[in-house]
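This report concerns only the one structure given below.
Protein chains: 2
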Amino acid sequence: MEDDATTPPPRRSDATRAAILRAARERFAADGYERATIRAVARDAGIDPSMVMRYFGNKEGLFAAASEIDLRLPELTGVPPEETGARLVRHFLERWEGDETLNAMLRVGVTNPAGADRLHSVFRDQVAPAVASVCPDREQAPMRAALLASQVLGMAVSRYVLKLPPVVALTHEEIVNWLGPTVQRYLTAPEP
Amino acid sequence: MEDDATTPPPRRSDATRAAILRAARERFAADGYERATIRAVARDAGIDPSMVMRYFGNKEGLFAAASEIDLRLPELTGVPPEETGARLVRHFLERWEGDETLNAMLRVGVTNPAGADRLHSVFRDQVAPAVASVCPDREQAPMRAALLASQVLGMAVSRYVLKLPPVVALTHEEIVNWLGPTVQRYLTAPEP
DNA sequence: CGTGGTGGTCAACGCTTGTTGGCATCAACC
DNA sequence: GGTTGATGCCAACAAGCGTTGACCACCACG
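Residue numbers (the UniProt record's numbering), protein chains in the order written: chain A, 1 to 192; chain B, 1 to 192.
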């Protein structure tokens with residue numbers, strides 16, 4: 001079979017598509033959904049606004065395409081139980097600083113229903129299962145994932161979105177050392 | 001002096017002013033800055049959009065007037081040191097559910113610079129001093145306040161803004177019991 | 001009675017937004 | 001070499017936005 005369905009033939013427009021997506025992620029991350037205009041994205045990508053429409057249908061479609069998220073959560077089953085907290089905190093820190101998409105999602109999720117939905121799925125499909133794999137009681141997994149999310153999202157919001165000065169001043173080591181035990185407790189400690 | 005500068009005579013328009021502010025807080029809380037339109041606020045308040053302009057100058061002025069925040073943080077110096085964490089968490093929970101302004105600030109602060117500024121001042125003028133009053137080492141106060149903020153804001157974002165289902169499902173008691181020790185540790189524990 | 005301020009509406013402005021359709025250009029294929 | 005489809009730009013649309021100024025109704029006070 002010469003026609004592989006999973007990898008369609010490369011089109012000449014693939015570069016443009018990619019440029020649009022890159023610009024869109026930047027704009028969504030910096031400005032949120034409403035202030036990230038299609039015109040600005042097109043300008044950043046060096047093309048006409050109508051091209052954005054042709055390739056992604058409308059603004060919602062552009063956002064959907066630009067906001068695919070993979071947290072790349074590490075396999076936790078092999079990790080020594082007392083290290084999972086610090087390991088996860090460090091992973092989230094690096095992930096957040098290496099992928100603008102995450103900031104875009106956070107900014108958009110707060111004011112736009114579609115963005116919030118996307119965050120719901122990320123939580124349901126990636127965070128919750130990972131937590132379940134290290135959770136003593138499977139029934140408690142959603143609750144423990146919720147607690148984890150509250151601490152991790154809070155750090156992300158105050159550090160990368162609001163940029164509260166004393167939060168920005170923290171080093172990676174400080175954050176891992178302080179938040180690690182918290183996350184650890186949320187994941188595995190018996191109910192308080 | 002018959003003209004008391006601190007309490008100007010009540011005007012007939014005070015009711016309208018209050019109605020506008022109430023509507024504005026609701027809209028800002030529900031939609032964020034950009035999607036909360038002056039026209040919608042005016043409609044909710046039952047008056048003409050131009051009245052909003054007359055009373056508050058422009059949209060930024062309206063937001064400034066509608067976003068005055070008082071966290072009403074309790075005096076912590078008299079509280080037994082081991083209870084401050086739970087006490088604070090409970091206070092924030094009740095405060096957040098009783099005052100739409102807080103949600104408005106959070107939603108706006110994430111996409112609008114003016115909103116972020118407002119949150120910075122609340123942190124600097126209200127949270128940081130309260131933390132300093134129970135902090136073993138004064139120099140560490142900003143850092144400890146930062147950690148507190150990361151956990152409290154995270155709970156607020158995931159529960160009241162994003163409404164992640166497992167976070168919404170938590171009871172007040174569960175939240176206090178889980179987050180209380182975390183906050184306690186952030187405030188008073190020796191560095192990890 | 002008149003007069004002036006106060007509370008309020010109405011219609012319009014200039015601008016930006018998402019979105020659309022028509023026209024040029026270029027590459028590829030029969 | 002001409003046809004065809006993909007790629008791109010340009011100009012325009014309708015709608016919604018913040019904002020403005022002209023105009024009306026009321027109420028108090030001389």
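We put the CB at the ideal spot given by N, CA and C, even for glycine.
{"Asked": "Whole-angstrom distance between Arg11 (chain B) and Asp4 (chain B), CA atom to CA atom", "Found": "With a pLDDT of 41 at Asp4 (chain B), under the threshold of 50, the modelled position of this residue cannot be trusted, and the question is left open."}
{"Asked": "The ligand NAD heavy atom lying under 7 Å from the CB of Leu62 (chain B)", "Found": "Inclusion of the ligand NAD in the displayed structure is not the case, the ligand content being empty and no account of it being possible."}
{"Asked": "Backbone CA spacing between His172 (chain A) and Ala86 (chain A) [nearest angstrom]", "Found": "11 Å"}
{"Asked": "Alpha-carbon spacing of Ala145 (chain A) relative to Ala130 (chain A), whole angstroms", "Found": "9 Å"}
{"Asked": "Collapsed DSSP secondary structure at Asn58 (chain B) in the structure displayed", "Found": "coil"}
{"Asked": "Min CB distance Gly32 (chain B) to chain A below 8 Å", "Found": "yes"}
{"Asked": "Supposed close pair Phe63 (chain A), Tyr33 (chain A) - CB separation, criterion 8 Å", "Found": "7 Å"}
{"Asked": "Environment of Leu88 (chain A) [buried if 16+ CB atoms lie within 10 Å]", "Found": "buried"}
{"Asked": "Burial state of Pro166 (chain A) (16 or more Cβ within 10 Å)", "Found": "buried"}
{"Asked": "Residue-chain proximity (Arg35 (chain B), chain A), Cβ-Cβ < 8 Å", "Found": "yes"}
{"Asked": "Simplified DSSP assignment, three categories, for Met1 (chain A)", "Found": "Low per-residue confidence applies at Met1 (chain A): pLDDT is 40, beneath 50, and the placement is therefore not dependable, though the value from the model is reported in the following sentence. Here Met1 (chain A) sits in coil by DSSP."}
{"Asked": "Top-ranked residue by Cα proximity to Leu162 (chain B), from A:Val183, A:Asn112, A:Ile47 and A:Val168", "Found": "A:Asn112"}
{"Asked": "Assigned secondary structure, Ser13 (chain B) (DSSP; H/G/I helix, E/B strand, else coil)", "Found": "coil"}
{"Asked": "Check whether Arg95 (chain B) and Arg72 (chain B) have beta carbons under 8 Å apart", "Found": "yes"}
{"Asked": "Reduced DSSP secondary structure (H/G/I, E/B, other) of Pro190 (chain B)", "Found": "coil"}
{"Asked": "Short CB-CB distance (under 8 Å) between His172 (chain B) and chain A", "Found": "no"}
{"Asked": "Contact with chain A by Asp109 (chain B), beta-carbon distance below 8 Å", "Found": "Here residue 109 (chain B) turns out to be Gly, not Asp, going by the sequence shown. Yes, its Cβ sits closer than 8 Å to a Cβ of chain A."}
{"Asked": "Reduced DSSP secondary structure (H/G/I, E/B, other) of Pro136 (chain A)", "Found": "coil"}
{"Asked": "Separation of Ser158 (chain B) from Glu2 (chain B), as counted between CA atoms", "Found": "Here Glu2 (chain B) scores only 38 on pLDDT, less than 50, and its place in the model should not be relied on; the value that follows carries that caveat. Taking the straight line from one Cα to the other gives about 51 Å."}
{"Asked": "Cβ pair Val127 (chain A), Leu93 (chain A) closer than 8 Å", "Found": "no"}
{"Asked": "Option nearest Leu106 (chain B) by Cα separation, candidates B:Asn58, B:Thr188, B:Pro49 and B:Phe28", "Found": "B:Phe28"}
{"Asked": "Neighbour list for Arg123 (chain A) in chain B, Cβ cutoff strictly below 7 Å", "Found": "It is Phe, not Arg, that sits at residue 123 (chain A) in the sequence shown. Under the 7 Å cutoff, chain B gives Leu164."}
{"Asked": "Residue from A:Ala65, A:Ala23, A:Cys135 and A:Arg54 with nearest C-alpha to Gly46 (chain A)", "Found": "A:Ala23"}
{"Asked": "Cβ of Thr101 (chain A) within 8 Å of any chain B Cβ", "Found": "no"}
{"Asked": "Proximal residues, the stretch 133-144 of chain B versus chain A, C-beta separation under 7 Å", "Found": "Pro142 and Met143"}
{"Asked": "For Ile47 (chain A), three-class secondary structure by DSSP", "Found": "coil"}
{"Asked": "Sequence-distant residues of the same chain with beta carbon closer than 6 Å to residue 228 (chain B), five excluded per side", "Found": "Outside the displayed span of chain B (1 to 192) sits residue 228 (chain B), for which this structure offers no information."}
{"Asked": "Alpha helix (DSSP H) segment containing Glu94 (chain A), residue limits", "Found": "Thr84 to Gly98"}
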